[in-house]
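Below is one structure, written out as C-alpha cells; comments come after it.
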Amino acid sequence: MLSRVASSVYWMTRYIERAENIARFITVNLNLTLDFPAEATRQWQPIVMATGDHLLFEKKYGNDYSAKNVIHFLALDPAYGNSILSSLRAARENARSVREIISSEMWEQVNRYYLELKDASTTDYASRNPHKFFKIITMRGHMFTGLLYSTMSHGEAFQFALTGLLLERADKTSRILDVKYFMLLPRAGEVNTPYDSIQWAAVLKSASALEMYRKRFHRIIPKQVCDFLIFDSEFPRSIRYCLKKGELALHKISGTPVGTVSNPAERSLGRLCADLDYSDIDETIDMGMHEYLDDLQTKVNTVGGHIHNAFFKVITSPANGGTSQ
Amino acid sequence: MKFSNYDTEGFYDELFDENNLPRPGAELLIDKIESLPANDLMHKQRSAETALLQLGNTFAVYGSEEGTEKILPFDVIPRIIDNKDWREIELGLQQRIYAMNKFIDDIYHDRKILKDKVVPEDLIMTCAAYRKQCEGLNPPKSIWCHVTGTDLIRDKDGRFYVLEDNMRCPSGVSYVLENRQVLKRTFPQVFADSGVRPVDEYPNNLLATLENLAPESIAEPKIGVLTPGMYNSAYFEHSFLAQQMGVELVEGQDLVVSDGFVYMRTTKGLQRIDVIYRRLDDDFMDPKAFRADSMLGVPGIMDVYRSGRVAMANAPGTGIADDKAVYAYVPKIIKYYMDEDAILPNVPTFICREDKARAHVLENLDKLVVKAANESGGYGMMIGPHASKEEREKFAQLIQENPRNYIAQPTISLSRVPTIVDDHFEGRHVDLRPYILYGEEIYVMPGGLTRVALKKGSLVVNSSQGGGTKDTWVTDRDSEGDDNPSPSPLPPVDSQSQSQTSIPGDTTGGPYA
C-alpha cells in the first residue's frame, strides 16, 4: 500500500485512541469526586502534571487548576495540540485523506464524532455534565474501534491501524498509572490508607479495568494494580498485552513470523516485549514506578520512530504533523 | 407546505406546466408533498442536510477559519425529466462527444478540419488550452475525452441547449450519487413509483472506461485516481470515486517515474501503475513538460505517457474543446465528422474576433451574456441585463483589447424548479450537467447534476457564486400519450409499508446538543 496512506491510517487510530484516553485520564478524577466530594478541587493539578503540559496550562490559566479550566484545557481547547478536540481534528484529517481505504462507516463515525465535539466546545455542556460527556467520548472511541474491527478488511492497512492504536494505548495506560504517581507526591503519608485504595480503584475504573482486576486479584492492593495494568497477559488495555499484539500486527505487515526480525521496528518492539516477558512487578518497583514508566514511554516512542523510518519515510505530509507525544 | 400559491411567472417550470398544473411525471411527487403534515417537509430538508454533512461531502470555504466547512446547499425538491426529453439528450450527447473526440484527435494530427477551413486555423492556434506537447500523441484507442460533464440548459420554449462542454476535469458527479442516496430516503414511496432510472452504476462504468485504456497484455491493470490533495475543493469526490471503484487514490508525491514507467511509493517499495484517472489540470501534471513550478504533478510522466507505458484519462490537450469560441463551431464540427445535424442545439453565439459579431455585441451589451473563452466556474462573465453601467463599460474595453478571448450569447431565461425558500416554494433557475463516459461505447448517466441558482432571479448556478444542487430524476414514463394518467397500479401495501416511515436515526441534534 501507499506509504502516505499507511502513515495516515496509523495516525488516524493513534489520534482516536489518544482522544479516548484523555477522557479516561480525566475520569480518574471524576470517579474520585464521587467518593470524596470534598477532595474534588485539589486533585485537578496532578492530571495536568501527568500530561507534561502544565507549563502550557499555566500560561493560559495561571495557577487556577479548577475543574472547569482543566476540563476545558484537556478536552476542548482548540489551541492546545493534545486536547481531545485537537486529537480528533487530526484523526479526522487523516481519515479524510484515506477515505477510500477505510469503510464509509468509519469515516462517518469519526466525522460525526468531531463535529459533535466541536459543537459541544461552544457550550458549557462538558463542565455541567462531565460524567456523561466523557462517557460519551469513551464510547465514541469504542464505536470507532468496533467499526475498525468489523467493517474494514484485516489486510495491511488494518494492521497499520492496529499498530497505531495499540502503541498509543500502551503509552496511555502507562500515563494513567502515572496520574496516580503525581497524586501521591504531595501526601506520601496517605499511602495504604482507605483513601489510597479508593484512588487506586479510580485508576482501575478509568482504564475500564476494575471488574477484570477483581476477577484476578479480588482485593485492591497497589502493587497488584500496577502488576495488572502493566503485565497482565489477557487484559486488552495492559501495556504488555498491547505491545505483544502490536508486535503481531507488525509481523503481519512484513509477513514474517514473530521471533524473527526483518526491520528495526520489529527489533525494537520485540526487545521491549521480551523485557516485559522476562521482568516482573518487583523489579519494576525496585526501579521506581515513575522512572520505569518514563523509560517505557521513551522506548514506545523509539518503536514509533522506527515504524516511521521503515514504512512512511518517503513522504512528509502536513496531516501527519503529530509525531510528538 | 402547499403549492397553491406557487406561480411559474411565465418561466418554463420543470414540475408545473403553463397552467400551474403538475407535469405528468411530477404528479406523484407533488401529491406526496401536498399530503405531508405541516413542517414535515422542512424536517425532511433538515434531515437531508444533516445526512450530507455526516457523509462528509463538504467543501472547504477558502480564506476563513478552520471548521467553516460547508455542504453544497441542497434542496430536496427534485427536478424531473421525462423519458422522451431524456432520449433526445442522450442521443445528442453521444453524437456530440463522438464528434468532439474526432475533432481533438484531428487537431493534434492531420488537422484536416483546419485545412478544409471549417474551423479557422488561427482560432485553434491561439487557444490557451492548446498543448503543443500533445501534437502527434496517440492515446489508447484514440480516445481523448473519457469523462465529460456537458452543461445543458432549457429555454422558455422547453428545448434543451448545450451551454458548455467540459472536457478537462469536470467535477460534481459525487454530488449526484450522494444526493440520490439521501433523496431515496427522503421520498422512498414516490421514488419507487415514479420509475426513476438509477445512477448508481456510474462508478462501475467509470472503472470499465479506465480498464479499457490499459494495454491488452496486462491482465489486472493497476489503476489510480490522481488528486491534487486533501485541500483541493473537489477532494471528497476524488476519494469517493477511488473508494467506489476500489482503486488507489494517489497524490503527485506518491508517484515517481523510473526506467520508463510510473511507480507508486508503497510500504513494500515501488509498484507500477498502468492507468491514471487524473483530476489535475494539464498545467500541473508534469513540471518537466508543462508548468515548471508545479509541485502537484509527477516529473517525467508525460514521456511515459507518450511512450504508451501509462494511460491517462482524460488525455492532456482536451481543453481546446472547452474553449468557448471553439464551442460556437461544434455544430459544424459534428456535421464535418459525422455528416449529421446536431441533435442538441447550441445557444446562438457571437464570436467577438469576427468584426461584424463584435460590433453587434458592443451595441447590445445590455442584452447579452458575455463570457471569457477560457474561463469556467462562472468567472469572467457578465450578464448584460443584470450588469451595472460600469461593468458593461469594463467588458466593452476587455472585448476590444482581446476580442479572441470573448464570446457573447443572448440571455437565456433558464427553466425553473420549485425550491424551498423559508416557509414556501419559489421558482429558481436551474441547469443540468449529465456525465458522459467514453469507453467501449459512449455512456450517458441517466440524470446528472441539477445546479440551482438559489438567489432570487439569479441565472448563475455555480457553487462558487451561491448555487446549490438538486437531485435529477429521469423517469421511464413519457409525457406524450399520458394526458389522462392513471397512476400505475401500486404494489401490495404490506411489501412497501416499511419504506413509508421516515428516515431512521435522522436526528438533527446530537448527544451534546
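So the protein sequences, as listed, match chains A and B.
Numbering-wise (the working numbering), the first sequence opens with residue 318 and increments by one.
Numbering-wise (the working numbering), the second sequence opens with residue 359 and increments by one.
We treat Cβ as the ideally placed atom computed from N, Cα and C, and that holds for glycine.
Listed along chain B are Thr624 and Thr625, each with a C-beta nearer than 7 angstroms to that of A/Met318.
By the Cβ-count criterion, B/Val779 is exposed, with fewer than 16 other Cβ atoms from all chains shown falling within 10 Å of its own Cβ. Using a Cβ-Cβ cut-off of 8 angstroms, A/Phe451 does not count as an interface residue toward chain B, since no Cβ of chain B sits closer than that to its own. DSSP places B/Leu472 in the helix class (H, G or I) of the three-state scheme. In this chain, the alpha helix (DSSP H) harbouring A/Trp517 covers Pro511 to Ser523.
In the structure shown, B/Pro645 falls within a coil segment according to DSSP collapsed to helix, strand and coil. At a cut-off of 4 residues, the continuous stretches assigned as alpha helix (DSSP H) that sit fully inside the region 518-561 of chain B are 531-544 and 546-551. By the 16-neighbour rule on beta-carbons within 10 angstroms, B/Ala717 is exposed.
Under the Cβ criterion (8 angstroms, minimum of three pairs), the region 691-699 of chain B counts as touching the region 458-475 of chain B.
Under the 8 angstroms criterion on CB atoms, B/Val615 is classed as non-interfacial with respect to chain A. Each residue's CA atom was taken as its position, placing B/Ala673 and B/Val818 some 29 angstroms apart. Taking 7 angstroms as the Cβ-Cβ cut-off, the region 413-431 of chain A approaches chain B at Arg413, Ser414, Arg416, Glu417, Trp424, Glu425, Asn428 and Arg429, given in chain order.
In this structure B/Asp513 touches B/Ser771 by the C-beta definition: roughly 7 angstroms separates them, less than 8 angstroms.
Residues of chain B whose Cβ lies closer than 7 angstroms to the Cβ of A/Ala323 are, in chain order, Thr625. Sequence-ordered contacts of the region 478-494 of chain B with chain A are nonexistent [C-beta pairs closer than 9 angstroms]. Under the three-state reduction of DSSP, B/Tyr370 is assigned to coil, being neither helix nor strand. Spatial neighbours of A/Leu589 in its own chain (CB-CB distance under 7 angstroms, excluding positions within 5 residues in sequence) are listed in chain order as Leu560, Lys616 and Val620.
A/Phe475 and A/Tyr609 have their C-alpha atoms spaced approximately 31 angstroms apart.
Put simply, the backbone Cα of A/Arg429 is about 20 angstroms away from that of B/Leu541.
Excluding its 5 nearest sequence neighbours in each direction, A/Leu593 has C-beta neighbours in its own chain below 6 angstroms: Arg557, listed in chain order. Excluding its 5 nearest sequence neighbours in each direction, A/Asn346 has C-beta neighbours in its own chain below 7 angstroms: Gln360, Trp361 and Ile364, listed in chain order. The way I'd put it, the region 621-631 of chain B doesn't touch the region 586-603 of chain B; fewer than three beta-carbon pairs between them come closer than 8 angstroms. Annotated three-state conformation of A/Thr462 is helix, per DSSP. In the DSSP assignment, B/Ile631 falls outside any beta strand (DSSP E) and carries neither an H nor an E. DSSP lists no beta-bridge partner residue for A/Lys452. When A/Tyr332, A/Glu417 and A/Ile343 are compared, the shortest CA-CA separation from A/Ala443 is found for A/Ile343.
Taking one beta carbon from each stretch, the region 425-440 of chain A and the region 531-543 of chain A have fewer than 3 pairs nearer than 8 angstroms; the two do not touch. When 9 angstroms is used as the limit between beta carbons, A/Glu473 is near these residues of chain B: Thr625 and Lys626, in chain order. In the DSSP assignment, B/Gly494 falls outside any alpha helix (DSSP H) and carries neither an H nor an E.
A/Phe461 has a beta carbon lying at 8 angstroms or more from every beta carbon in chain B. Counting every other CB atom within 10 Å of its CB across the protein chains shown gives B/Phe545 a total of 16 or more, marking it as buried. Taken through DSSP and simplified to helix, strand or coil, A/Ala384 comes out as helix.
Close to chain A, meaning a Cβ-Cβ distance shorter than 7 angstroms, is no residue of the region 445-456 of chain B at all. Taking the CA atoms as reference points, B/Leu394 sits about 16 angstroms from B/Asn363. In terms of Cβ geometry, A/Ala392 and A/Tyr332 do not form a close pair [threshold 8 angstroms]. For A/Phe628, the residues of chain B that pass the 7 angstroms Cβ criterion are Thr625, in the order they occur in the chain.
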